[in-house]
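Here the structure comes first, spelled out in structure tokens, and everything after it is commentary.
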RNA sequence: GGCGGCGUACCCAAGUGGCUAAGGGGGAGGUCUGCAAAACCUUUAUGCGCCGGUUCAAAUCCGGCCGCCGCCUCCA
């Protein structure tokens, strides 16, 4: 038993063994802060947030590092477009990023280094690479010579010769080989620049991750992650830089999340087929997005649409409805019976639940199966409550069931609200133009009608609310409202 | 052209050698209810893109074919 992780490097699921006992060091490539994040970024953030939460749940200590790329061509371009300074652009979108992540329930990693805060570390690695003969300077630029690194291509499973055939981009004449990549770029007039032994310039993209992972996690660490589009060339280049510079292995397990697609095509800025996180959260509760994304294994592509999110809403509603039922159960609980066979049966289901959850998550973070187990328990719980249990054992089992669901769902950071918060949130995201006090007022009016057996008026009130998207449920001790999903 | 991946019901989706192919949504019927809603029960793939092969046994392994996607350029 124990955790197994699919390692992009080997192409297989491997038993996870951290280098240091009980402590995991993990580095994930973060975002370039030049624009608002889209749902694709949300997926990556949520996937690795969940992985880190599960590692902690599994009693590992975790040092999770996720960087910000805060200097880059796209930032400079954006700054020019908006007539701002490049660092203002980076700062603005870093703030926006935090706002999105906080709403998505993505926890901040232990360390969130910025590229511009690690220029000295990068220069040191570059100098080492030149000394060791892996890099060369050419007119103020410094390039990494991929041909010098024998293992180049092992992560992305490709070799230089076959890539040559498919090359689609003009070769920079300063490069010795087409796939050599910039460690250091000479600055043009007016561009941000740092001093270096090779003149004023700025870092290439890949070097920052080698520098920051080394500084915060050491030469060799456990997990390196990111979106699948980073496998080549970004992660391949990181490996080349880090291994050549240190002479040691780099990351042991490589984890890559799959893409979000729209009409079967990868969601991306360049194709323009993206939804920002913000757009989506205007219409859907963050938990809906989270459940939707975690209902598919992290490596598989996800076809994104509003319809799919709409389909996800009732499944959350099912959980919150059950929680509400449990609250009512406790409110009116009176011990009346001895433990029965049924009580024992349910108790058994509850007691084995966590093992099933762990089994699913241990299998390469199978969140989809884990969520399915939660729904299984929800059904069992409802079935049990239908039987009106009234023993002391039943009270304890129901309490434990809820506690277990909360704990395990907490690892996925879903189902964290109270039912009341959930319905209020739906009122908001569904754009329903009626307030809770107004709903309560109508419920009172309807209660009077029902007491007078004025079914016509009672039904009329219910229909009025129904048309607005509010459902009423008559319970033994009163009427409650829900938002129709 | 090279490399990688995917194809499971009306929709989403787990399962990668062996009990009746998870779970959610939707549909149909029922129990409950003043009527509803919720919940529960029954039902909705003798079937896992197609064709062969290996095996006592395959959605799961192998080969071929079809379809879709990704990477090879910045990208989560």
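Numbering (my numbering), first residue to last: 8 to 492. Yeah, the Cβ is synthetic: ideal placement off N, Cα and C, and Gly gets one too. Model, not experiment: these values are computed from the prediction.
Taken through DSSP and simplified to helix, strand or coil, residue 280 comes out as coil.
For secondary structure counted as the beta strand (DSSP E) over 3 or more consecutive residues, the segment 171 to 243 holds these complete runs in sequence order: 188 to 193, 208 to 210 and 228 to 234. Secondary structure at residue 75: strand, using DSSP grouped into helix, strand and coil. Under the DSSP definition of a beta bridge, residue 27 partners with 30.
Under the DSSP assignment, residue 259 falls in the beta strand (DSSP E) whose first and last residues are 258 to 264.
By the C-beta criterion, the segment 383 to 396 is judged to be in contact with the segment 327 to 343, since at least 3 inter-stretch pairs fall below 8 Å. The three-state secondary structure of residue 361, taken from DSSP, is helix. Using a Cβ distance threshold of 9 Å, residue 133 and residue 191 count as a contacting pair.
According to the DSSP assignment, residue 113 belongs to no alpha helix (DSSP H), since it is labelled neither H nor E. Close CB contacts of residue 148 within its chain, under the 8 Å cut and outside five residues either way in sequence, are with 181, 189, 191, 192, 193, 205 and 208 (chain order).
Classified as exposed, residue 256 has fewer than 16 neighbouring CB atoms from the shown chains inside 10 Å of its CB. Under the three-pair Cβ rule at 8 Å, the segment 455 to 473 does not count as touching the segment 408 to 415. Secondary structure of residue 14 (DSSP, three-state): strand. Assigned with DSSP and collapsed to three states, residue 439 falls in coil, not helix or strand. In this structure, residue 127 keeps its C-beta atom at 9 Å or more from the C-beta atom of residue 74. Residue 381 counts as buried, since at least 16 other C-beta atoms from the protein chains shown sit within 10 angstroms of its C-beta.
Rounded to the nearest angstrom, the gap between the Cα atoms of residue 179 and residue 185 is 7 Å.
The criterion of a C-beta distance shorter than 9 Å is not satisfied by residue 264 and residue 64. By the CB criterion at 9 Å, residue 357 and residue 411 fall inside the cutoff. Contact between residue 247 and residue 159 is confirmed by a C-beta separation of about 6 Å, below the 8 Å threshold. Rounded to whole angstroms, residue 48 and residue 38 show a C-alpha spacing of 8 Å.
Linking residue 473 to residue 287 through their CA atoms gives a straight-line distance of about 25 Å. A contact between stretches requires three or more CB pairs, one per stretch, nearer than 8 Å, and the segment 335 to 351 meets this requirement with the segment 395 to 407.
At a Cβ-Cβ threshold of 9 Å, residue 40 and residue 84 do not count as neighbours. Taking the Cβ atoms as the reference, residue 377 lies roughly 5 Å from residue 368, within the contact range of under 8 Å. In this structure, residue 61 lies away from residue 216, with their beta-carbon atoms at least 9 Å apart.
Counting of Cβ neighbours within 10 angstroms places residue 451 among the exposed residues, the total staying below 16.
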